[in-house]
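Chains as they are written, first to last, in my numbering: chain A, 103 to 261; chain B, -13 to 212.
By construction, the Cβ of each residue, glycine as well, lies at the ideal position given by its N, Cα and C atoms.
Note that the coordinates shown come from a computational prediction; the quantities given were computed from them, not determined experimentally.
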């Protein structure tokens, strides 16, 4: 009898997000009991914290070396045989970025650091399919939201 | 468990940079099944629900309008393609992205309906899908941190499993359960099915079934219980 009531309470859609959050909360709490076992052999390495900053490198902490289209920078990937041009555009900077780099040593931590270079290398070359999917998810969200907005709020047919 | 035991002989790979899709008979079968069903949906018309009117001898037909039909067909085809992609992908993060795409498109398929009960259920499902993206991507991130790689082909060759990897798998399966709405979180989806437009509603069902089968395969490869 009691179990039956419990199952019946699960049939109400309003209760489901709460149930899900409670289960998720418990599982996340048990995560504190799990011994941290991080693998030292990481695929996408980073330099030691503060190392490049202490050297006064304006690109810190994203300096990977290399010369555009001539000498590859340090980019490690899972399957280098699939990416013959890996690292070739890592050091690319736009003209604006070069002028900012010459005027401050904090260029690497500023918002200018995204165009070109290392982030593009990972986003569009080694893991390009992921980027396509991410933008597809965003596009589908906009398609649904705009369809609902256009047809349910703006051109609404009263019934 | 290695890939050959679970899926059969490795037939080939589709390299897309670091993301390598791999083909085994098991994955190919589900991939082809998802594609065939998507084609059937793309060329079919929706059903019409016929309700008997109370107090008279007339019937009330619940039809799907042309505009609604078009957007739902588009989203159903996207959902089918995402399901097919999730069947053959060989990268954990890629898989979670495809599952997130399936989740958001599922909400879209029912969001065009004009039935308040169905929209309410879809809203609750949307809440779960949003909450579930935390354990889904968190699980993939912890797998990357504890194994050092995201490629399933590389993870299959690891000789060890740590408690951290098991915890990541629990998070991953919870995220997938939320995104696809399996039991005990099924009530929201069950209410969503109560709407006309049968073939598009069925892809919601089929995608969650196939994704769960594939997720179990991935978790067995990661954790190697046998």
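Query - Near-chain B residues of the segment 175 to 195 of chain A (beta-carbon distance less than 7 Å), N- to C-terminal order - result: Residues 179, 180, 181, 184 and 185.
Query raised in the report: Should residue 85 of chain B and residue 197 of chain B be called a contact, given that it needs their Cβ atoms to be closer than 8 Å?
Result: In terms of Cβ geometry, residue 85 of chain B and residue 197 of chain B form a close pair [threshold 8 Å].
Query raised in the report: When the distance is taken between beta carbons, is residue 15 of chain B closer than 8 Å to residue -8 of chain B?
Result: If you check the CB distance, residue -8 of chain B and residue 15 of chain B do not come in under 8 Å.
**Report entry** Beta-carbon neighbours of residue 26 of chain B, restricted to chain A and to distances below 8 Å
**Finding:** Chain A residues near residue 26 of chain B: none, gap ~21 Å exceeds 8 Å.
Query raised in the report: Which of the three DSSP states, helix, strand or coil, is assigned to residue 45 of chain B?
Result: DSSP places residue 45 of chain B in strand when its eight states are reduced to three.
Requested in this report: Could you tell me which of A/177, A/128, A/183 and A/132 sits nearest to residue 164 of chain A, measuring between CA atoms?
Outcome: Nearest option by C-alpha distance: A/177.
Query raised in the report: Could you give the distance in angstroms between the alpha-carbon of residue 206 of chain A and the alpha-carbon of residue 157 of chain B?
Result: For residue 206 of chain A and residue 157 of chain B, the gap between their C-alpha atoms comes out near 43 Å.
Query - Given 8 Å, three or more beta-carbon pairs between the segment 84 to 99 of chain B and the segment 50 to 67 of chain B - result: Yes, since at least three Cβ pairs between the segment 84 to 99 of chain B and the segment 50 to 67 of chain B fall closer than 8 Å, the two stretches touch.
Query - Pairwise C-alpha distance: residue 123 of chain B and residue 217 of chain A - result: Low local confidence applies: a pLDDT of 49 at residue 217 of chain A is under 50, so the model's placement there is unreliable, with the coordinate-based value given in what follows. Residue 217 of chain A and residue 123 of chain B have their alpha carbons spaced roughly 25 Å apart.
Query raised in the report: Can you find at least 3 beta carbon pairs, one from the segment 167 to 176 of chain B and one from the segment 125 to 141 of chain B, that sit closer than 8 Å?
Result: Judged by Cβ distances under 8 Å, the segment 167 to 176 of chain B makes no contact with the segment 125 to 141 of chain B, as fewer than three pairs qualify.
Query raised in the report: Can you find at least 3 beta carbon pairs, one from the segment 75 to 84 of chain B and one from the segment 174 to 182 of chain B, that sit closer than 8 Å?
Result: Taking 8 Å as the limit for Cβ pairs, the verdict is that the segment 174 to 182 of chain B does not touch the segment 75 to 84 of chain B.
Report task. Since I believe residue 7 of chain B is in contact with residue -3 of chain B (beta carbons under 8 Å), could you give me their beta-carbon distance rounded to a whole number of angstroms? Result -> About 11 Å separates the two Cβ atoms, so there is no contact after all.
Query raised in the report: Taking DSSP as the reference, what is the three-state secondary structure of residue 108 of chain A?
Result: In the three-state DSSP reduction, residue 108 of chain A falls in the helix class (H, G or I).
Requested in this report: Assign residue 224 of chain A to one of three DSSP states: helix, strand, or coil.
Outcome: Of the three classes helix, strand and coil, the one that applies to residue 224 of chain A here is helix, per DSSP.
Query raised in the report: Taking the beta strand (DSSP E) that residue 110 of chain B falls in, what are its first and last residues?
Result: Counting along the chain, residue 110 of chain B falls outside any beta strand (DSSP E), though it belongs to the alpha helix (DSSP H) covering 102 to 133.
Query raised in the report: Any Cβ of chain B within less than 8 Å of the Cβ of residue 172 of chain A?
Result: So no, residue 172 of chain A is outside the interface.
Requested in this report: Please state whether DSSP places residue 127 of chain A in a helix, a strand or coil.
Outcome: Taken through DSSP and simplified to helix, strand or coil, residue 127 of chain A comes out as helix.
Query raised in the report: Would residue 121 of chain B pass as a contact of residue 161 of chain B if the rule is Cβ separation under 8 Å?
Result: Yes, the pair counts as a contact, with Cβ atoms nearer than the cut-off.
Query raised in the report: So what does DSSP say about residue 232 of chain A, is it helix, strand or coil?
Result: Helix, per DSSP.
Query - Straight-line gap, residue 172 of chain B to residue 193 of chain B (C-alpha atoms, nearest Å) - result: Taking the straight line joining both Cα atoms gives about 14 Å.
Report task. Return helix, strand or coil for residue 217 of chain A, following the three-state DSSP convention. Result -> Here residue 217 of chain A scores only 49 on pLDDT, less than 50, and its place in the model is too uncertain to base an answer on.
Report task. Determine, using beta-carbon pairs with one atom in the segment 178 to 194 of chain A and one in the segment 29 to 43 of chain B, whether at least three such pairs fall under 8 Å. Result -> Counting Cβ pairs under 8 Å, fewer than three are found: no touch.
Requested in this report: Give a yes or no on whether 8 Å exceeds the smallest Cβ distance from residue 106 of chain A to chain B.
Outcome: No, residue 106 of chain A lies away from the interface with chain B (no Cβ there is under 8 Å from its Cβ).
Report task. Indicate whether the contact test is met: 3 or more Cβ pairs, each with one atom in the segment 117 to 124 of chain A and one in the segment 102 to 117 of chain B, closer than 8 Å. Result -> Segment contact: the segment 117 to 124 of chain A against the segment 102 to 117 of chain B, three or more CB-CB distances shorter than 8 Å; contact assigned.
Query raised in the report: Looking at the C-beta of residue 166 of chain A, does it have a partner C-beta in chain B at a distance below 8 Å?
Result: The beta-carbon of residue 166 of chain A is placed no less than 8 Å from the nearest beta-carbon of chain B.
Query raised in the report: Which residues of chain B have a Cβ atom closer than 8 Å to the Cβ of residue 236 of chain A, listed in chain order?
Result: Within 8 Å Cβ-Cβ: 83.
Report task. Could you name the residues of the segment 95 to 113 of chain B whose beta carbon sits closer than 8 Å to any beta carbon of chain A, in the order they occur along the chain? Result -> Look at the segment 95 to 113 of chain B: the residues with a C-beta under 8 Å from a C-beta of chain A are 97, 98, 100, 106, 107, 110, 111 and 113.
Query raised in the report: Since residue 117 of chain B meets chain A, which of its residues come closer than 7 Å, beta carbon to beta carbon?
Result: Within chain A, the residues near residue 117 of chain B are 119, 122, 123 and 126.
Query raised in the report: Out of curiosity, what's the CA-to-CA distance linking residue 207 of chain B and residue 189 of chain B?
Result: Those two C-alpha atoms are separated by around 27 Å.
Query raised in the report: By Cβ distance, which residues of its chain are closer than 8 Å to residue 232 of chain B, with the 5 residues on each side in sequence left out?
Result: This structure gives no information on residue 232 of chain B, because the portion of chain B shown stretches from -13 to 212.
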